[in-house]
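Presented below is the structure to which this report refers.
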């Protein structure tokens, strides 16, 4: 969030005669200040209107599916004033296109361009076609426009990149212990990558309701060597050609009279800048003066001596904190999560494994007016659901665990662990939780349009679901299930997908909810079984309902039933069957 507005790197943007040299930087799922509204008939027309208005700073466009058949008109949102109060809004934000000079974001063909708000400079690599392969520890989520750092099997969200300082900042788990074995272990994980920890943890924990705790670690990347090449066309730096280096590999080596300058990633005239490239230029390197070797050697000896003393002292002093560190590592593994969810009770220490904010019971009581009936949204197997209104007008749905319900306790533990680790546009977002005595509650984003079944099975409201909207809902559910089965860090079987567990936001975007029966599958696991078959008949696959076997195919079966209900507007199961009447599945089967 940039509450004071964005500070542009260049003042060349948005001039009267500069439209041809301007470009739009795409920022996914954002909210900004109050826009101006323009009527247009296409996104390109919206873009051109902003481009030819020198006052226009940004625009946003979203095609209304209800008007797609009539081919418009649509609303184009533009911003003429400074972009104050820009926020990332993962659930309900819009794609914002910010106007910038092309010179601010243009790069060589080897650079990976931008990922959301972050520029990915050379040598950082998010794919095979850009950057340096030695720096290929990054990925860009094209759906959320979020940049990630992925050394080995870990994944960290990148909050900022500073190309000038050659640093980037990652977000670590709130349980990460600064100045401890955790930081040392993390530094060891970076080997042999060309990265190093630049500073220790920053950022304090917060108990503010709705806020996300966490710490940040700054990482610096090493100066890049001359890039590898197959032909001279791969060397898009001036004064560089593709030649064999001293170790036999082909690199973009600098021409005679120039040397590799890693500070600005280019070939500079000899004697200008630094020359730290591994292959060197075609000219002979100058001999290194002895003073440049002796001074670092002496410094290294002092560092080793004092570092050894410091390490011995730290080892002695850290014995008392060892159990806490081991406890942290235990909670970070998927095996520990599964053990925690299989346990028979919820203990105070289990709070350490939860990655969402804790809400005080008194605050929830005030927000729900002590769980007044007028704030009750519904009731499920878990317990009643209430609408809570917090100071500032924020609306949140509160699930309250039925006291003494063993099944409800297992569902609570499932959801508070799983949903906290799952982030997707088509999954309901867990905002926080509360545990105090017998009271156990989960707090979710509030869905004003409630569940999908309240639309498709209602004779009046079903008319609002055009075929275009129904198709978008099916597509959204598909994306959510694909994320659970394939793209998330934890491979999840939902086991209870049905229309009442698909919630709709104000824009009718579907969000899968209720992960009380979900199960984690390990990397090579394809199926599992249980003696305790729980779910909703009519949505269960036959092998699960009869024998307790479930797999990814079980969710696919449930998804098929949901699709049939969305298309037909009929329930698959009813409380009664008249003679000769077939259920929805039987009708399609026969």
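Numbering (UniProt numbering), first residue to last: 1 to 590. We treat Cβ as the ideally placed atom computed from N, Cα and C, and that holds for glycine.
Buried or exposed: which applies to residue i, given that a residue is buried once 16 or more other Cβ atoms fall within 10 Å of its Cβ?
i	result
residue 57	buried
residue 570	exposed
residue 146	buried
residue 532	exposed
residue 565	buried
residue 37	exposed
residue 78	buried
residue 361	exposed
residue 55	exposed
residue 430	buried
residue 131	buried
residue 268	buried
residue 133	exposed
residue 516	buried
Can you tell me the Cα-Cα spacing of residue i and residue j, whole angstroms?
i	j	result
residue 239	residue 420	51 Å
residue 384	residue 378	6 Å
residue 559	residue 506	23 Å
residue 572	residue 418	29 Å
residue 501	residue 35	35 Å
residue 545	residue 557	12 Å
residue 258	residue 47	43 Å
residue 487	residue 148	14 Å
residue 126	residue 136	6 Å
residue 52	residue 40	14 Å
residue 454	residue 551	28 Å
residue 483	residue 423	9 Å
residue 143	residue 165	28 Å
residue 76	residue 27	16 Å
residue 359	residue 433	6 Å
residue 116	residue 30	10 Å
residue 342	residue 518	Note that residue 342 has pLDDT 48, beneath the 50 cutoff, so the model's placement of it is unreliable and the number below is only indicative. Near 12 Å, if we compare the C-alpha coordinates of residue 518 and residue 342.
residue 244	residue 119	31 Å
residue 287	residue 192	Since pLDDT at residue 287 reaches only 42, below the 50 mark, its modelled position is unreliable, and the value read off the structure follows with that caveat. If you take the alpha carbons of residue 287 and residue 192, they lie about 28 Å apart.
residue 452	residue 503	6 Å
residue 260	residue 138	25 Å
residue 325	residue 459	In this predicted model, residue 325 has a pLDDT of only 35, less than 50, meaning its place in the structure is not dependable; the value taken from the coordinates is given anyway. Each residue's Cα considered, the two are about 57 Å apart.
residue 113	residue 415	37 Å
residue 124	residue 23	23 Å
residue 63	residue 94	11 Å
residue 128	residue 437	53 Å
For the beta strand (DSSP E) that residue i lies in, which residues bound it at each end?
i	result
residue 269	266 to 269
residue 510	510 to 512
residue 146	146 to 149
residue 58	58 to 61
residue 543	Where residue 543 is concerned, there is no enclosing beta strand (DSSP E), although the alpha helix (DSSP H) it sits in stretches over 542 to 547.
residue 158	156 to 162
residue 27	22 to 31
residue 442	439 to 445
residue 36	36 to 40
Just to check my reading of the structure: residue i and residue j have Cβ atoms closer than 8 Å, yes? What is that Cβ distance to the nearest angstrom?
i	j	result
residue 399	residue 444	7 Å
residue 101	residue 111	Not a contact, Cβ separation roughly 16 Å.
residue 170	residue 195	Wrong, their Cβ atoms sit about 10 Å apart, outside the cutoff.
residue 480	residue 427	5 Å
residue 499	residue 562	6 Å
residue 183	residue 161	So it is not a contact: roughly 21 Å between Cβ atoms.
residue 250	residue 230	7 Å
residue 224	residue 262	6 Å
Identify, in the order they occur along the chain, each residue of the same chain with its Cβ nearer than 6 Å to the Cβ of residue i, setting aside the five sequence neighbours on each side.
i	result
residue 389	367, 395
residue 554	541, 544
residue 158	147, 149, 168, 170
residue 412	401, 440
residue 371	386
Taking residue i as part of the alpha helix (DSSP H), name the residues at either end of that continuous run.
i	result
residue 480	467 to 482
residue 45	43 to 51
residue 507	Counting along the chain, residue 507 falls outside any alpha helix (DSSP H), and DSSP gives it neither H nor E.
residue 560	552 to 568
residue 258	Element bounds for residue 258: not the alpha helix (DSSP H) but the beta strand (DSSP E), 258 to 261.
residue 394	No alpha helix (DSSP H) holds residue 394; DSSP gives it neither H nor E.
residue 459	Looking at the DSSP string, residue 459 is not in any alpha helix (DSSP H), and its letter there is neither H nor E.
residue 363	361 to 367
Keeping to the same chain, check which residues put their C-beta closer than 8 Å to that of residue i; ignore five residues upstream and five downstream.
i	result
residue 189	151, 152, 154
residue 241	232, 235, 252, 253, 255
For residue i, verify whether its CB is less than 7 Å away from any heavy atom of the ligand COA.
i	result
residue 191	Although the ligand COA was asked about, the structure shown includes no ligands whatsoever.
Beta-carbon within less than 7 Å of residue i's beta-carbon, same chain only, minus the 5 sequence neighbours each way: which residues are those?
i	result
residue 322	Since pLDDT at residue 322 reaches only 37, below the 50 mark, its modelled position is unreliable, and the value read off the structure follows with that caveat. Excluding sequence neighbours, residue 322 sits near nothing in its chain.
residue 456	462, 465, 499, 565, 566, 569
residue 185	none
residue 474	563, 566
Between residue i and chain B, is the shortest Cβ-Cβ distance under 8 Å, so that the two count as touching?
i	result
residue 130	Chain labels in this structure do not include chain B; a single protein chain is all it has.
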